[in-house]
Amino acid sequence: MLKDLRKYSGFTLIELMIAISVISVLASIAVPAVLTWLPNYRLKAAARDLYSNMQKAKLEAVKRNTDAVILFTPGVFSPGGYVGSYQIFADNGSGGGTANDGIRNGTEPILTTIAMPKNVSLYLANFSATASTGYNSRGLPWNSRWGRVELRNNNSRFYQITLSSAGSLRMRISSDGLTWN
Numbered sequence: 035m036l037k038d039l040r041k042y043s044g045f046t047l048i049e050l051m052i053a054i055s056v057i058s059v060l061a062s063i064a065v066p067a068v069l070t071w072l073p074n075y076r077l078k079a080a081a082r083d084l085y086s087n088m089q090k091a092k093l094e095a096v097k098r099n100t101d102a103v104i105l106f107t108p109g110v111f112s113p114g115g116y117v118g119s120y121q122i123f124a125d126n127g128s129g130g131g132t133a134n135d136g137i138r139n140g141t142e143p144i145l146t147t148i149a150m151p152k153n154v155s156l157y158l159a160n161f162s163a164t165a166s167t168g169y170n171s172r173g174l175p176w177n178s179r180w181g182r183v184e185l186r187n188n189n190s191r192f193y194q195i196t197l198s199s200a201g202s203l204r205m206r207i208s209s210d211g212l213t214w215n
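Using this note's numbering, you'd call the opening residue of the sequence shown number 35 and step up by one each time.
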């Protein structure tokens, strides 16, 4: 009886080929969806990280009772991404630096440095005609530099983060870079 059970256990070659065919069809359907979903996910994550880091800069400025400056390095849009970066530092003049000048000098502490990921381009940073902003010790925009920063991916999705004159942040999304929700 035991010999008879072993003879019928396992898969036949036809069953195995059918299973592989079904998996192949499912994979061919799923791969294009993942290829469009992944860049959108990376863009949204980069925008949320920037938003959070800007809030963190505001909190650090108030906590340390000094300016927290955000220096943006925008670039030309590229579908492959990895374009643009930003750095946040406490502009407190430590280590022989000059306080409140908007330039990291001496040993002023870096709070964070972020480069854009794959498929994400930081292509615009406009804060009162400059590419830097931040917060003063009262949580207001540093040197009255309010404005916006914009991110884009290769699927024509855009995120905009706006800093108001009162120091509040707003994040919006667009599918064309002109009409924002």
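Positions of the beta carbon are idealized from the N, C-alpha and C atoms, including for glycine.
Check your understanding: Mapping DSSP to helix, strand and coil, what is Leu50?
Key -> Helix.
Practice item. Look at Ala91 and Gly168 and say whether their C-beta atoms are less than 8 angstroms apart. Key: yes
**Study point:** Ile104 versus Gly114, Arg98, Val110, Ala124, residue with shortest Cα-Cα distance
**Key:** Ala124
Review point. Among Asn187, Leu60, Ile207, which one has its Cα closest to the Cα of Thr196?
Key: Ile207
Exercise for review: Note down the Cα distance separating Gly219 from Thr70, rounded to an integer number of angstroms.
Suggested key: Outside the modelled stretch of the chain, which goes from 35 to 215, sits residue 219, for which no answer is possible.
Check your understanding: Would DSSP call Glu94 helix, strand or coil?
Key -> Under the three-state reduction of DSSP, Glu94 is assigned to helix.
Check your understanding: In angstroms, rounded to a whole number, what distance separates the CA positions of Asn177 and Asn170?
Key -> 8 angstroms
Check your understanding: Glu94: buried (16+ other C-beta within 10 angstroms of its C-beta) or exposed?
Key -> buried
Review point. Assuming Thr107 and Gly118 make a contact with CB atoms under 8 angstroms, what is their CB distance in whole Å?
Key: 6 angstroms
Practice item. Starting from the C-beta of Leu156, find all residues in its chain whose C-beta is less than 6 angstroms away, skip the five residues before and the five after it, and write them out in chain order. Key: Pro108, Gly118, Met150, Leu185
Check your understanding: Thinking C-beta only, is Asn153 closer than 8 angstroms to Pro73?
Key -> yes
Review point. Apart from the five residues on each side of it in sequence, which residues of its chain come closer than 6 angstroms, Cβ to Cβ, to Gly131?
Key: Asn139, Gly140, Glu142
Check your understanding: Of the residues Tyr85, Arg191, Asp101, Ile54, which one's Cα is nearest the Cα of Ile148?
Key -> Tyr85
Exercise for review: Could you pull out every residue in the same chain whose Cβ sits closer than 8 angstroms to the Cβ of Val96, ignoring the five residues on either side in sequence?
Suggested key: Tyr169, Ser171, Arg172, Gly173
**Study point:** Boundaries of the beta strand (DSSP E) in which Tyr193 is found, first to last residue
**Key:** Residues 192-197.
Exercise for review: Tell me Tyr169's beta-bridge partners as DSSP assigns them.
Suggested key: BP columns for Tyr169 point to Ala102, Pro175.
Check your understanding: So is Asp135 buried or exposed if we call it buried at 16+ other beta carbons inside 10 Å?
Key -> exposed
Review point. Where does Asn14 fall in DSSP's three states?
Key: Nothing in the structure corresponds to residue 14, since the chain is present only between 35 and 215.
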